[in-house]
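Chemist:
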Amino acid sequence: MTEVQRPRGSPEPLHTAYDVALLDLDGVVYLGGTAIPGAAEALRKATAAGMRLAYVTNNAFRTPAAIAALLTSFGAPASPEDVVTSAQAAARLLAERLPAGAPVLVIGGNGLRMAVRGRGLRPVSTAAERPRAVVQGYSPDVSYSMLAEGGLAVAAGALFVASNGDLTLPSRRGRQPGNGSLIQVVATATGVQPLVAGKPEPPLHRESVLRTGARHPLVVGDRLDTDIEGAHRVGTDSMLVLTGVTGPAEAVLAPPSQRPTYLAEDLTGLLEPHPDVIVKDGAFGCRGWTARMAGDRLELDGDGERIDGLRALCAAAWAEPGDPDIRVSPEAARDALQRLER
C-alpha cells in the first residue's frame, strides 16, 4: 500500500464513499462508559444514509450482546450481530487450526468461552484435560491458578493464542495492566509467544470483513498504534477521531505506519466531505490554514476550524523528506499547535 503522506480529501461524505465503517468503541463511541456527545446521532445518520456499522473491539471480556446493549443505551444503532470482538477473531483462528470438538483451555471471561464454544471447540479449565490450545483474553477474574494451568498446557505443546496484545487498559483510576501484560506471565514461563488475534494484527480485521461482507471498508479509531496501524497492515483506509487517546500532537508526529487517511474531530467526520490539502511552493494549505517547514521549525498561519489547521500541519510534517525515521520534533509540533489552539 502506498503510504499516506498527507490527509486525503473526499468530495463526497465518507458515509457514501465507503460501504462499512469498522468502528472502535472506547474513545470513539463512548469514553470510560459515558457516551461521547454527538456520536450516537452521527451513527444514526450514517446508517440512515446506507452505511453499515460494525463495532470492532479488542475487548474479549464482554459478550457481543452485552456490548450491543450498552451501545443501544447510548442511542447508537447496534445489535449483537454488529459487534466483532477479539474473542471471536481468536476463536476463528483456533477453529482454522484445530479439529471440531478439540479441547481449548480458556484463560479469560465468559465472552471468550462463548466465542470458543461458538466455533465448535470445547472450553476446558485445566492442563490435565490435555487441551490442544490455550487462549488468553482479559478478565478481571484472571487468577494465578488459571495462568499456571495455561503455562503447564503451553509447556506441554498446546498452541498459544491471545485475543489481543494491549499492554494497558484505560480506567477511571488510570492505566491498568491489559491482556498484553498478562500474557507475558505464560510467555515468560514457557518461552512461547502467542499468536495474537486483535488489533493491530490482521485476524480481527479479517473477522470483521468476513462478518460484514465489506467491499470498501473504513476503519475508524482513536488510537494510532492499534486502529490506524491495523488499517495500514491490511491496506484499508482509516479515519482518526480526536475524542479518545490520540491528540493533535500525536497525529502530527505519527510515523508512516500510523498515519490515518482522514482526520476528524469526532464521528461527525463520517457525515461530511473532507477538504483536500493543497500543496504550493512547499506550503500545505487547507481552507484558511497554511503550514510549512522552515528549517527544523513547523510553521502555521491562517485561521479557521481547528481540524483544518491540523490537516495542514500533518501534511507539512508527514512530507518532510529524508530518512523516514527522522521526523518533526515534539518541540516543533508543540510550538505549531500553540498557534492552532489560539
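Just so we're aligned, residue 2 is where the sequence shown starts under this note's numbering, counting upward by one.
For glycine and all other residues, C-beta sits at the position ideal for the given N, C-alpha and C.
#1: Between which two residues does the alpha helix (DSSP H) carrying Ala316 extend?
#2: Can you tell me where the alpha helix (DSSP H) with Leu54 in it begins and where it stops?
#3: Hey, would you say Ala134 sits closer than 8 Å to Ala88, going by beta carbons?
#4: Pull up the distance between the alpha-carbon of Glu13 and that of Ala41, whole angstroms please.
#5: Assuming contact is defined by CB atoms lying nearer than 8 Å, are Asp297 and Ala333 in contact in what I supplied?
#6: What does a CB cutoff of less than 6 Å around Leu26 pick up in its chain, not counting 5 residues either side in sequence?
#7: Grouping DSSP H, G and I as helix and E and B as strand, with all else coil, what is Asp277?
#8: What number of angstroms, rounded off, separates the C-alpha of Ala61 from the C-alpha of Ile108?
#9: Whole angstroms is fine: what's the gap from Val21's alpha carbon to Ala129's?
#10: Curious, which full-length beta strand (DSSP E) runs of at least 3 residues does the region 17 to 49 contain?
#11: Which residues in the same chain as Gly121 place their Cβ atom closer than 8 Å to its Cβ, once the five residues preceding and following it in sequence are excluded?
#12: Is the distance from the Cβ of Leu196 to the Cβ of Gly179 below 8 Å?
#13: Here's a check: name, in chain order, each residue in its chain whose Cβ is nearer than 6 Å to the Cβ of Ala320, leaving out the five neighbours to either side.
Modeler: On the basis of the data shown:
#1: Arg307 to Trp319
#2: Looking at the DSSP string, Leu54 is not in any alpha helix (DSSP H); the run it does join, the beta strand (DSSP E), is Arg53 to Thr58.
#3: no
#4: 21 Å
#5: yes
#6: Tyr56 and Thr58
#7: coil
#8: 11 Å
#9: 44 Å
#10: 21 to 24
#11: Ala96, Ala101 and Gly102
#12: no
#13: Gln6
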